[in-house]
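When you line the sequence shown up against the working numbering, it's residues 4 to 169, in that order. Yeah, the Cβ is synthetic: ideal placement off N, Cα and C, and Gly gets one too.
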Amino acid sequence: MALLQWVCECSKRDEYLDNWKEDEVIENSLFGTEDDRPTQIPTQAQSLVEGSRLMMVSEFKPPTDVDYLQELLAIQQQGPRNIGFFGTRNMGFMHQELIEILSYAMVITNNHIFTSGASGTNAAVIRGALRAEKPEFLTVILPQSLKKQPPESQELLSKVRGNLIS
């Protein structure tokens, strides 16, 4: 009896595997094998019609350290540039310090920086550029006159010499 039950279970399993292979063959004939087709996210209509089982999403792979270093090397080898810094007024202290350091590094390597007079990102850019003591490489473009800026921005902008455009 046990032998008969085992044979039945094996035949059911084989039947299931055969059906699974047929599904795979049908899918490959419709869409090609994974090597033949690029990974795509289906449209909304495709997911409604075909269902979500065919949905393939590629896994995010962050760039390697080598890629970052190559980009930094390319930036340094091309000489000074004109760089615009834009950002948010609402940001944490640590992010402001990082932007300030980046701005400082850009100015001491003779890159010209453009920013506005708002608080947050732009204030951090101005502080970093002023710390580099090369005011000729900083241009602050104000959307309105200096008198209409908030008091904390006016105090910082009073230290900017020369390239203050309003």
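First and last residue of the uninterrupted alpha helix (DSSP H) at residue i
{"i": "N125", "result": "124-134"}
For residue i, the first and last residue of its enclosing beta strand (DSSP E)
{"i": "V143", "result": "141-144"}
{"i": "I111", "result": "Per DSSP, I111 belongs to no beta strand (DSSP E); it is in the alpha helix (DSSP H), 96-111."}
In DSSP terms, what residue i is bridged to
{"i": "I116", "result": "I86, L141"}
{"i": "I168", "result": "I144"}
Reduced DSSP category for residue i - H, G, I as helix; E, B as strand; rest coil
{"i": "V163", "result": "coil"}
{"i": "P65", "result": "coil"}
{"i": "A48", "result": "helix"}
{"i": "P153", "result": "coil"}
{"i": "A77", "result": "helix"}
{"i": "E158", "result": "helix"}
Backbone CA spacing between residue i and residue j [nearest angstrom]
{"i": "N3", "j": "N113", "result": "No statement about residue 3 is possible, as the shown extent of the chain runs from 4 to 169 and does not include it."}
{"i": "H98", "j": "R92", "result": "11 angstroms"}
{"i": "D100", "j": "I168", "result": "Looking at the sequence shown, residue 100 is not Asp but Glu. When rounded, the distance between both Cα atoms is 25 angstroms."}
{"i": "A135", "j": "M94", "result": "23 angstroms"}
{"i": "F96", "j": "V143", "result": "22 angstroms"}
{"i": "I104", "j": "H115", "result": "15 angstroms"}
Between the region 109-128 and the region 148-167, do three or more beta carbon pairs fall short of 8 angstroms? yes
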